[in-house]
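*Asks:* Pasting a structure below so you can have a look.
Number of protein chains: 2
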Amino acid sequence: MVLKNQVEWALHCCSMLAGLPQGKYLAAKDLAEFHGVPKEYLGKALQRLSAAGLVESTLGPAGGYRLAKPVAAITFLDIVEAVEGRRVTFACTEIRMNSPCRVGKRGTGKPCSIAQAMYDADEAWRSHLRSLTVESMLAGAQLPKEQVDATKRWVEQRLK
Amino acid sequence: MVLKNQVEWALHCCSMLAGLPQGKYLAAKDLAEFHGVPKEYLGKALQRLSAAGLVESTLGPAGGYRLAKPVAAITFLDIVEAVEGRRVTFACTEIRMNSPCRVGKRGTGKPCSIAQAMYDADEAWRSHLRSLTVESMLAGAQLPKEQVDATKRWVEQRLK
Numbered sequence: 000m001v002l003k004n005q006v007e008w009a010l011h012c013c014s015m016l017a018g019l020p021q022g023k024y025l026a027a028k029d030l031a032e033f034h035g036v037p038k039e040y041l042g043k044a045l046q047r048l049s050a051a052g053l054v055e056s057t058l059g060p061a062g063g064y065r066l067a068k069p070v071a072a073i074t075f076l077d078i079v080e081a082v083e084g085r086r087v088t089f090a091c092t093e094i095r096m097n098s099p100c101r102v103g104k105r106g107t108g109k110p111c112s113i114a115q116a117m118y119d120a121d122e123a124w125r126s127h128l129r130s131l132t133v134e135s136m137l138a139g140a141q142l143p144k145e146q147v148d149a150t151k152r153w154v155e156q157r158l159k
Numbered sequence: 000m001v002l003k004n005q006v007e008w009a010l011h012c013c014s015m016l017a018g019l020p021q022g023k024y025l026a027a028k029d030l031a032e033f034h035g036v037p038k039e040y041l042g043k044a045l046q047r048l049s050a051a052g053l054v055e056s057t058l059g060p061a062g063g064y065r066l067a068k069p070v071a072a073i074t075f076l077d078i079v080e081a082v083e084g085r086r087v088t089f090a091c092t093e094i095r096m097n098s099p100c101r102v103g104k105r106g107t108g109k110p111c112s113i114a115q116a117m118y119d120a121d122e123a124w125r126s127h128l129r130s131l132t133v134e135s136m137l138a139g140a141q142l143p144k145e146q147v148d149a150t151k152r153w154v155e156q157r158l159k
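One line per chain: the protein sequences are H and P, in this order.
Note that numbering that gives the first Met the number 0 has the first sequence beginning at 0, numbered continuously upward.
Note that numbering that gives the first Met the number 0 has the second sequence beginning at 0, numbered continuously upward.
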């Protein structure tokens, strides 16, 4: 059970978009080039971020993306769920209902202790991702100043 | 990102095997019949539990499975990892190394803040599953007494 690669790409793109000057956009092809990932697949991830209201885009030759919210208002979970969907990591198929010894053929409406444990574990994962934001991502980055400056110059040449 | 159905089946099978009398076995075909799941696919899950040392089996016409450890010594995580593998849910492909602005072409050896956050979330999920055992699963079951008794009788007729 592994997340799509686009989750990694989307997280790094949000980190990069967080550094854009106010009102400026960066094109999908530049985000793809910078991260060394295929433009078409990255485009799909960016569209999902856009559908979730995390980034906004302009179309046309000067088109591109920027964050749609402050960095402290975008959580890791927002980005992960935008790309991966909100489906719980445990799919209960209610096999307890198949038991030949079952009393009553209707469900209780409550998950069994096994499903509940798996849902709680899923929530522990989501809860950690909900506690982290693009702001905390930037704070933890620890890149060499030389690299930060080079990236700024690279981005400035491509701003829309 | 969803776990295999065999994870659900394996958890329910461990719950059932926990109720067997000392030294007795239950056949894979009976476990499959009771849970209403395909014997071949369940067989693979049981083999994985066996490879992980969680259940032990005897071969031959009187063959079957039983737990290989006390119920308090088998965690949900043991069962989930036996069936699903131990692979972390976030696969970092180190796209930061693709940056045209990268200073130095070697990695730092440390995960970036994004990968670290995703690994920590994965560990929060595993940690919850590690805190729960087959013993706690049974304690939380809350089945009607009538159904528990009927299940006991069903199992007794099939013990090896």
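Built from N, CA and C at the ideal position, the CB exists for glycine as well.
For clarity, every value in this text was computed on a predicted model and none was experimentally measured.
For residue 131 of chain P versus residue 81 of chain H, is the C-beta distance shorter than 8 Å?
*Replies:* In this structure, residue 81 of chain H does not lie closer than 8 Å to residue 131 of chain P by Cβ.
*Asks:* Which word fits residue 85 of chain H, buried or exposed, when buried means at least 16 other C-beta atoms lie within 10 angstroms of its C-beta?
*Replies:* Residue 85 of chain H should be labelled exposed.
*Asks:* Could you name the residues of chain H that residue 86 of chain P contacts, counting a contact when the two beta carbons are closer than 9 Å?
*Replies:* The answer, in chain order, is 0, 1.
*Asks:* Out of curiosity, what's the CA-to-CA distance linking residue 157 of chain H and residue 150 of chain H?
*Replies:* Those two C-alpha atoms are separated by around 11 Å.
*Asks:* Assuming residue 66 of chain H is part of the beta strand (DSSP E), what are its boundary residues?
*Replies:* Run containing residue 66 of chain H: 63-66, per the beta strand (DSSP E) assignment.
*Asks:* So, does the CB of residue 163 of chain P fall closer than 8 Å to a CB anywhere in chain H?
*Replies:* Residue coverage of chain P in this structure runs from 0 to 159, which leaves residue 163 of chain P outside it and unanswerable.
*Asks:* Name the one or two DSSP bridge partners that residue 83 of chain P has.
*Replies:* In DSSP, residue 83 of chain P forms no bridge with anything.
*Asks:* Roughly how many angstroms separate the alpha carbons of residue 133 of chain H and residue 16 of chain H, rounded to a whole number?
*Replies:* Straight-line Cα distance between these residues: approximately 10 Å.
*Asks:* Any heavy atom of the ligand ATP within a distance shorter than 7 Å of the CB on residue 24 of chain P?
*Replies:* Within the structure as shown, the ligand ATP is missing, as the structure has no ligands at all.
*Asks:* Using 10 angstroms around the beta-carbon of residue 7 of chain H, count the other beta-carbons present and answer buried if the total reaches 16, otherwise exposed.
*Replies:* The residue is buried, with at least 16 neighbouring Cβ atoms inside 10 Å.
*Asks:* Give the straight-line distance between the Cα atoms of residue 121 of chain H and residue 45 of chain H, rounded to the nearest whole angstrom.
*Replies:* So the two alpha carbons sit approximately 25 Å from each other.
*Asks:* Under 7 Å between beta-carbons, which chain P residues line up against residue 35 of chain H? List them in chain order, please.
*Replies:* In chain order: 94, 97.
*Asks:* Report the three-state DSSP secondary structure of residue 74 of chain P (helix, strand or coil).
*Replies:* Three-state DSSP puts residue 74 of chain P in a strand.
*Asks:* Quick check on residue 150 of chain H - is its C-beta less than 8 Å from some C-beta in chain P?
*Replies:* Yes, residue 150 of chain H counts as interfacial toward chain P.
*Asks:* Tell me residue 25 of chain P's beta-bridge partners as DSSP assigns them.
*Replies:* Residue 25 of chain P is bridged to P:64.
*Asks:* Considering only the beta carbon of each residue, do residue 38 of chain H and residue 53 of chain H sit closer than 8 Å?
*Replies:* No. Outside cutoff.
*Asks:* What residues of chain H sit near residue 101 of chain P, judged by a beta carbon separation below 7 Å?
*Replies:* Those are 146, listed as they occur along chain H.
*Asks:* Based on DSSP bridge pairs, tell me the residues matched to residue 107 of chain H.
*Replies:* BP columns for residue 107 of chain H are empty, so no partner.
*Asks:* Please look up how many angstroms separate the CB atoms of residue 61 of chain H and residue 159 of chain H, rounded, as I've assumed it's under 8 Å.
*Replies:* Right, the Cβ-Cβ distance comes to about 5 Å (below 8 Å), so this counts as a contact.
*Asks:* Any C-beta of chain P sitting closer than 8 Å to the C-beta of residue 80 of chain H?
*Replies:* It does not: the Cβ of residue 80 of chain H has no partner Cβ on chain P nearer than 8 Å.
*Asks:* Along the alpha helix (DSSP H) that carries residue 39 of chain H, what are the first and last residues, could you check?
*Replies:* Segment 38-50, the alpha helix (DSSP H) holding residue 39 of chain H.
*Asks:* Output needed for residue 137 of chain H: all residues of its chain with C-beta closer than 7 Å, excluding positions within five of it in sequence on either side, in chain order.
*Replies:* Correct list, in chain order: 14, 17, 70.
*Asks:* So, at 7 Å on beta carbons, what are the nonlocal neighbours of residue 36 of chain P in its own chain, with the 5 sequence-adjacent residues on each side left out?
*Replies:* Contacts found: 8.
*Asks:* Run through the DSSP bridge pairs and tell me what residue 54 of chain H is partnered with.
*Replies:* Looking at the DSSP assignment, residue 54 of chain H forms a beta bridge with H:66.
*Asks:* Can you tell me which of H:114, H:128, H:23, H:20 puts its alpha carbon nearest to the alpha carbon of residue 75 of chain P?
*Replies:* The residue with the shortest Cα to Cα distance from residue 75 of chain P is H:114.
*Asks:* Got a sec, what are the start and stop residues for the alpha helix (DSSP H) residue 96 of chain P sits in?
*Replies:* Segment: none, residue 96 of chain P is in no alpha helix (DSSP H) and carries neither H nor E.
*Asks:* Let me see if you follow: with CB-CB separation under 8 Å, is residue 52 of chain P close to chain H or not?
*Replies:* Cβ-Cβ to chain H under 8 Å: no for residue 52 of chain P.
*Asks:* For a contact meaning CB atoms closer than 9 Å, what does residue 139 of chain H contact in chain P?
*Replies:* Residues of chain P passing the Cβ test: 111, 112, 113, 115, 116.
*Asks:* Take residue 110 of chain H as the anchor and find which of H:87, H:93, H:3, H:11 has the nearest alpha-carbon.
*Replies:* Ranking the options by Cα distance to residue 110 of chain H, first place goes to H:93.
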